[in-house]
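The structure under discussion appears below in the form of structure tokens.
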Amino acid sequence: MTYEKILKLFEETDKRRKESDKRIEESNRRFDERLRKEAEEREKREIILEERLRKETAEREKERLKSKKEFDKKIGNLTGVLGNFVEGMIEPKLLEMFHERGIYITEIMKNVQIHNKETLQKEAEIDLLLVNDIYSVAVEIKTTLTSEHVKEHLVRLDRLKNNPIRSIKGTNLLGAVAGMRVEGNADIFAVKKGLYVLKQKGEIVEISNDKSFRHKEWKVNG
């Protein structure tokens with residue numbers, strides 16, 4: 337092989353190498369361009385997704401606040417109705433109703449909080465607490481009285497007996513439940529447990545227990 341042929345062979349080899357390098361460079365450029373576009377598309381999708389999530393979160397929060405406002409309004413209305421029931425129908429008749437049962441009330445207290453004498457933690461709250469020298473009566477009032485409410489009040493009476501406030505020490509504690517409406521046999525259940533039942537009858541409230549009823553007493557130590 338002559339020198340000229342060898343030289344030409346090197347030239348062709350170098351040319352093919354350069355062409356190969358150029359193709360590789362172009363391939364790399366296209367690959368980088370594709371990666372760049374994919375990254376841009378991914379970033380756009382993430383931005384769109386974040387914006388969608390932000391809007392959805394804002395809408396959910398808006399709905400939550402709206403629901404809370406409506407719920408608070410309903411609770412407010414319910415509290416108002418219950419308050420009117422207590423102040424307008426129950427309280428004015430309490431002395432008379434229990435007087436007819438031989439229990440002569442001298443003091444009525446509202447929303448009495450009971451705290452554990454050892455831990456000082458709140459144990460319960462009594463809607464109305466009626467007191468004289470012999471008896472004290474803890475009254476629980478509900479818009480709709482259920483058997484579960486009766487059970488809860490029995491627990492409340494035990495807690496009051498074990499953690500008495502000063503004004504009921506040395507008395508015989510009695511229990512009473514009242515409801516604008518009574519669900520199921522809640523009143524019958526309450527009577528069986530020795531509680532007085534105050535029920536709305538037309539425009540008045542009365543003790544529905546018959547005359548043969550014998551109340552349960554929780555003796556409160558002095």
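Per the working numbering, the sequence shown starts with residue 337, numbered consecutively.
Each residue gets a CB set at the ideal place from its N, CA and C atoms; glycine is no exception.
Cβ-Cβ separation, residue j to residue i (assumed contact under 8 Å), whole Å
| i | j | result |
| --- | --- | --- |
| isoleucine 426 | leucine 534 | 6 Å |
| serine 472 | valine 556 | 7 Å |
| valine 513 | glutamate 476 | 5 Å |
| alanine 522 | valine 491 | At roughly 16 Å, the Cβ-Cβ gap does not stay under 8 Å, so alanine 522 and valine 491 are not in contact. |
| serine 483 | phenylalanine 549 | About 18 Å separates the two Cβ atoms, so there is no contact after all. |
| leucine 493 | alanine 474 | 6 Å |
| glycine 530 | histidine 551 | 5 Å |
| glutamate 459 | asparagine 468 | At roughly 23 Å, the Cβ-Cβ gap does not stay under 8 Å, so glutamate 459 and asparagine 468 are not in contact. |
Residue j beta carbon less than 7 Å from that of residue i
| i | j | result |
| --- | --- | --- |
| valine 518 | leucine 464 | no |
| glycine 520 | glycine 558 | no |
| arginine 316 | isoleucine 450 | Because the chain is modelled from 337 through 558, residue 316 falls outside the range shown and cannot be assessed. |
| glutamate 553 | asparagine 508 | yes |
| isoleucine 441 | leucine 466 | yes |
| isoleucine 540 | tyrosine 532 | no |
Cβ-based burial, residue i [other Cβ within 10 Å; buried from 16]
| i | result |
| --- | --- |
| aspartate 357 | exposed |
| lysine 478 | buried |
| leucine 389 | exposed |
| phenylalanine 434 | buried |
| glycine 511 | buried |
| glycine 515 | buried |
| arginine 396 | exposed |
| threonine 430 | Residue identity differs from the one stated: residue 430 is leucine in this sequence, not threonine. Answer is buried; the Cβ neighbour count reaches 16. |
| isoleucine 462 | buried |
| alanine 375 | exposed |
| leucine 371 | exposed |
| asparagine 545 | buried |
| isoleucine 439 | buried |
Under the three-state DSSP convention, the category residue i falls into
| i | result |
| --- | --- |
| serine 483 | helix |
| glutamate 443 | strand |
| glutamate 324 | This structure cannot speak to residue 324, because the chain is shown only from 337 to 558. |
| asparagine 498 | helix |
| lysine 354 | helix |
| arginine 359 | helix |
| lysine 529 | coil |
| aspartate 463 | strand |
| lysine 429 | helix |
| leucine 456 | coil |
| glutamate 488 | helix |
| lysine 505 | coil |
| arginine 366 | helix |
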